[in-house]
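S.K.: Below: one structure in structure tokens.
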Amino acid sequence: MTKKLCLTAMYAAVAIVIFVAEAQIPPLTPLPWIKLGLANIVTVVAMLRIGKKEAAAVVLVRVLLGNLFTGQPISMIYSLAGAIPAFAVTVGMLWLVGKERLWAVSAAAAIFHSLGQLLAASVMSGSFGVMLYAPLMTAASVVSGVFTGLAAQSYIKHTQRR
Amino acid sequence: MRVKTSVLIAVFAVIFVLSLVLALIPGKPGSVAVIYKDGVEVERIELAALTSEKYIHLDGNTVCVSPEGIRMTEADCPGCDCVRIGLVERAGMPIVCIPNGVTVVLVAKKAPDAVLR
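For the record, the sequence lines run as chains A and B.
Residue numbers for the first sequence follow the working numbering, beginning at 1 and rising by one.
Residue numbers for the second sequence follow the working numbering, beginning at 1001 and rising by one.
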């Protein structure tokens, strides 16, 4: 129990650091919401190494503290709107495709992360035209999701317990 | 292994290509800029009537309306995502500054049904 708690806290700390560090990178594309989502690597690894509940805790702590550290509390709503569907999809995809093809798990999660955020933006701004950004966000999510999934896969592979 | 890897690759490749194609199809250009603050329309500007850029200063944001389209040039929120989006020429695709409650969108101008003189 204590070991699980410690591991969860450590994964959460790593996730926050990655989240804050990534927020300092200037956007690579004209659309500012497109980013790699490197903190997702930690979510996937935590889910496989500790458990679903603990991974959910890692995500929640990252969303709350990460957005406080980057100075944009309003982004918490977006982060949650993206994180909740992404988490659900990650659980579903892990069941569907297994632990060997994390790139597919992450890509699906990234797509739903983006769509969740756009939906939240539509509701908050009251203009559903925001959803016109969905195709570009989806295409970008496939790329970033595959990348973070491969990164998580590589981490899992190279840190197998002997 | 409930799903084959080849199927997975195909599915994501199709999603990627389809969404990219959808994103690259140019939409209808807009002709009237409409600016909302907290959901209330504050200004409506016809692009064709402009000869140069027009700046509209709202509480915390500056919107630039030019004959080409709309742009958010300034925002006092920490993210400034709306400024980074740049120029939007397409109708229906809004620029939104959620912290300040500002939305700018281009709409296609409806042709009048009849003109009374």
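All C-beta atoms, glycine included, are put in the ideal place defined by N, C-alpha and C.
Cα separation between Ile1098(B) and Ala121(A)?
M.R.: Spanning the two alpha carbons is a distance of roughly 8 Å.
S.K.: If contact means a Cβ-Cβ distance below 7 Å, which residues of the segment 1009-1025 of chain B contact chain A?
M.R.: From the segment 1009-1025 of chain B, only Phe1012, Ile1015, Phe1016, Ser1019, Leu1020, Leu1022 and Ala1023 have a Cβ closer than 7 Å to chain A.
S.K.: Could you tell me if Leu5(A) is buried or exposed, where buried requires 16 or more neighbouring beta carbons within 10 angstroms of its beta carbon?
M.R.: With fewer than 16 Cβ atoms within 10 Å of its Cβ, Leu5(A) is classed as exposed.
S.K.: Can you tell me whether Glu1053(B) is buried or exposed? The criterion is at least 16 other CB atoms within 10 Å of its CB, across all chains shown.
M.R.: Exposed, because fewer than 16 other Cβ atoms sit within 10 Å of the Cβ of Glu1053(B).
S.K.: How would you list, in chain order, the residues of chain A whose beta-carbon sits under 8 Å from the beta-carbon of Met1072(B)?
M.R.: Within chain A, no residue comes near Met1072(B); the closest Cβ sits about 11 Å away, beyond 8 Å.
S.K.: Can you pull the DSSP bridge partners for Lys1054(B)?
M.R.: In DSSP, Lys1054(B) forms a bridge with Val1065(B).
S.K.: Output, in chain order, the set of chain A residues within a Cβ distance shorter than 7 Å of Thr1005(B).
M.R.: Arg101, listed in chain order.
S.K.: Just list the residues that DSSP pairs Leu1106(B) with in beta bridges.
M.R.: According to DSSP, which records beta bridges pairwise, Leu1106(B) is partnered with Ala1033(B).
S.K.: According to DSSP, which residues form a beta bridge with Cys1097(B)?
M.R.: Looking at the DSSP assignment, Cys1097(B) forms a beta bridge with Val1102(B).
S.K.: Counting contacts by CB-CB distance shorter than 7 Å, is Pro1099(B) in contact with chain A?
M.R.: So, interface residue.
S.K.: Per the DSSP calculation, Glu1046(B) is bridged to which residue(s)?
M.R.: DSSP lists Val1032(B) as partners of Glu1046(B).
S.K.: By the 10 Å Cβ neighbour count, where 16 or more other Cβ atoms means buried, how is Tyr1055(B) classified, buried or exposed?
M.R.: Under this definition Tyr1055(B) is an exposed residue.
S.K.: With distances taken Cα to Cα, identify the nearest neighbour of Ser1019(B) among Val44(A), Tyr133(A), Ala39(A) and Ile34(A).
M.R.: For the residues Val44(A), Tyr133(A), Ala39(A) and Ile34(A), the minimum Cα distance to Ser1019(B) belongs to Tyr133(A).
S.K.: Going along chain B, which residues have a C-beta under 7 Å from Gln160(A)?
M.R.: Residues of chain B passing the Cβ test: none, with the nearest at roughly 19 Å.
S.K.: Can you tell me which of the three DSSP states Ile34(A) falls into?
M.R.: Three-state result, Ile34(A): coil.
S.K.: List, in chain order, every chain A residue whose beta-carbon is nearer than 8 Å to that of Ile1085(B).
M.R.: Neighbours of Ile1085(B) on chain A, chain order: Pro30, Leu31 and Pro32.
S.K.: Out of Pro30(A), Glu54(A) and Leu31(A), which has the shortest C-alpha to C-alpha gap to Ala15(A)?
M.R.: Per the Cα distances, Glu54(A).
S.K.: Is there a C-beta anywhere in chain B that falls below 7 Å from the one on Thr138(A)?
M.R.: Output row for Thr138(A): interface = yes.
S.K.: So Val1014(B) and Leu96(A) are in contact, right, with Cβ under 8 Å, and what is the actual spacing, rounded?
M.R.: Wrong, their Cβ atoms sit about 17 Å apart, outside the cutoff.
S.K.: Just how far apart, CA to CA, sit Phe1016(B) and Thr138(A)?
M.R.: Near 7 Å, if we compare the C-alpha coordinates of Thr138(A) and Phe1016(B).
S.K.: Determine, using beta carbons only, whether Val1096(B) comes closer than 7 Å to chain A.
M.R.: Yes, Val1096(B) lies at the interface with chain A (some Cβ there is under 7 Å from its Cβ).
S.K.: Pick helix, strand or coil for Thr1073(B), following the three-state DSSP scheme.
M.R.: Reduced to three states, the DSSP call for Thr1073(B) is strand.
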